[in-house]
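> One structure follows; several queries about it will come next.
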Amino acid sequence: MQNMISKMSRMYPLFIVMGFMIVIIAFIVGYFNSQAAAAYFAESLLIRETTLIVQRASIESVGLWMLPFKFLGIGFLLGGIVMALRVIIENLIGAGKEVLSNLPPEKRPQMPNPPWFANLMPVVMMLGLVIFLVAFGVGLWLSGIARDVFANPLPSIDAAGAGSSLLAGVQTIHSVDGWLVPLKFFAISTEFLAIMMGLATIVFILESQIKLLDGTLKSSKAAS
Amino acid sequence: MNNTIQTPASPWQLKAYPIFTILGWILIITAFLIGLIVLAPTASSYWGENAKAARDAAEAGSALIGQLGTLTTIPRWLEPLAFFGVAAFMVGIALEFSSIPALLKNRGLVMNACFPVIVKMSKEEAAQKSEVSK
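Dropping the structure here:
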């Protein structure tokens, strides 16, 4: 399992490129959506409510999947950083073992086991990415609902009564938005937690290596 | 070559960063729970159970106006609160990063003192091996 994670971690540039590409795509789509909105609001209300209804549905639905999509890009970038930290950790452990291999086996100190959170780091990173993917999926689902709701003229939406499918659509969009925004922040903090675990592991390894070398030095002084 | 050093002290940042991590988690989870428990049901009730005419006709002090107040005021501080949580995490990460140069310096000092010992030990081992082979 750890070997597979090690191999995957070396693919961190791919995650970073993917994340960056997603953010760039989101920027391009956002720009074209803003141009569509500018063209839409340049027309009179009568034209907007008769011939431009499809454009409004498109503008509203794009706005709903765009934000989770951008967050997904950030998620891939943060995931790439976590994977890069894992590579650094493995290289640090390898370098430490190499230095200690110069000592005679009977005087070679035992390298301490990595802390518990070192093994948890990839799991937390993947959990964060899954939350980002779920948020994006929910965003896509909401955009579909928005496309259906806003395919109707505004007076029809306004006139929709309790229990109607139109009002149910409006209800879903607003109520899901209430928890979807904090969920994205939750996903970001999960990725940050994985980064903190990675950095804490690096700190642990550096401190352990300092202690090991210091111990070697002291024991050799005591022997001589 | 100096081979007597004092064990270097851990950087202070390593004591401070868990506080910011915990603070970040508390703020983010609070924001998520407020969104899930307060905002989502209120929005569901406000938008789903009342037609626009009923919402527009709501008078001051009514439950609908109360819900509208909740839906317009909470998101205005909830998002900054979530950002505050993210910022607390980032401060924690920055503190962890800032401790690494001090640790590398400590490691360099210890390695500098230790290398002559390691070289001496490996030479002794090589000499012992060659004597055994003779």
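Top line first, the protein sequences correspond to chains A and B. Following this note's numbering, the numbering of the first sequence begins with 128 at its first residue and continues without gaps. Following this note's numbering, the numbering of the second sequence begins with 140 at its first residue and continues without gaps. All C-beta atoms in this analysis are idealised placements derived from N, C-alpha and C, irrespective of residue type, glycine included.
(1) Name the residue from A:Phe331, A:Met324, A:Thr328 whose alpha carbon lies nearest to the alpha carbon of Thr160 (chain B).
(2) Give the DSSP-derived three-state secondary structure of Leu230 (chain A) in the structure shown.
(3) Once the 5 residues before and after Ser188 (chain A) are set aside, which same chain residues still bring their CB inside 6 Å of it?
(4) For a contact meaning CB atoms closer than 9 Å, what does Ala170 (chain B) contact in chain A?
(5) Unbroken alpha helix (DSSP H) runs of length 4 or more, entirely within the segment 162 to 211 of chain A: which are they?
(6) So with Cβ pairs under 8 Å, would you call Leu247 (chain A) a contact of chain B?
(7) With DSSP run on the structure shown, which of helix, strand or coil describes Pro242 (chain A)?
(8) Give the range of the alpha helix (DSSP H) segment to which Val201 (chain B) is assigned.
(9) When you compare each of B:Val177, B:Ala182, B:Ser238, B:Leu210 to Lys154 (chain B) by their alpha carbons, which one comes out closest?
(10) Rounded to whole angstroms, what's the CA-CA distance from Asn141 (chain B) to Ala252 (chain B)? Just pull it up for me.
(11) Output, in chain order, the set of chain B residues within a Cβ distance shorter than 8 Å of Asp275 (chain A).
(12) Starting from the Cα of Gln152 (chain B), find the closest Cα among A:Ala222, A:Ala327, A:Pro236, A:Ser346 and give me that residue.
(13) Within its chain, find whatever has a CB closer than 8 Å to the CB of Trp150 (chain A); leave out the 5 residues flanking it on each side and keep chain order.
(14) What ranges does the alpha helix (DSSP H) occupy inside the segment 161 to 190 of chain B, keeping only unbroken runs of at least 4 residues that lie completely in it?
(15) Assuming Tyr139 (chain A) and Met210 (chain A) form a contact by the criterion Cβ under 8 Å, report the distance between their Cβ atoms to the nearest whole angstrom.
(16) Taking buried to mean at least 16 other C-beta atoms within 10 Å of its own C-beta, is Gly189 (chain B) buried or exposed?
(17) So what does DSSP say about Lys273 (chain B), is it helix, strand or coil?
A quick look at the data gives this:
(1) Minimum Cα distance to Thr160 (chain B) is reached at A:Met324.
(2) Collapsing the DSSP output to three states places Leu230 (chain A) in coil.
(3) Ser270, Ala273, Arg274, listed in sequence order.
(4) Under the 9 Å cutoff, chain A gives Val308, Pro309, Phe312, Phe313.
(5) Complete alpha helix (DSSP H) runs here, min 4: 172 to 177.
(6) It does not: the Cβ of Leu247 (chain A) has no partner Cβ on chain B nearer than 8 Å.
(7) Residue state, collapsed to three classes: coil.
(8) Looking at the sequence shown, residue 201 (chain B) is not Val but Ser. Where Ser201 (chain B) is concerned, there is no enclosing alpha helix (DSSP H), because DSSP gives it neither an H nor an E.
(9) Of the candidates B:Val177, B:Ala182, B:Ser238, B:Leu210, the residue whose Cα lies closest to the Cα of Lys154 (chain B) is B:Ser238.
(10) Summary for Asn141 (chain B): the model assigns pLDDT 49, below 50, so the residue's position carries little reliability, and this model does not support an answer.
(11) In chain order: nothing, as chain B lies at least about 15 Å away.
(12) The alpha carbon of Gln152 (chain B) has as its nearest neighbour, out of A:Ala222, A:Ala327, A:Pro236, A:Ser346, the alpha carbon of A:Ala327.
(13) The sequence shown places Val at residue 150 (chain A), rather than the Trp named in the question. Same-chain partners within the cutoff: Lys197, Gly200, Ile201, Leu204.
(14) DSSP runs (the alpha helix (DSSP H)) wholly in the segment 161 to 190 of chain B: 179 to 187.
(15) Yes, they are in contact, since the Cβ atoms of Tyr139 (chain A) and Met210 (chain A) sit about 4 Å apart, within 8 Å.
(16) Checking the displayed sequence, the identity of residue 189 (chain B) turns out to be Asn instead of Gly. If you draw a 10 Å sphere on the C-beta of Asn189 (chain B), you find 16 or more other C-beta atoms in it, and that means buried.
(17) Coil.
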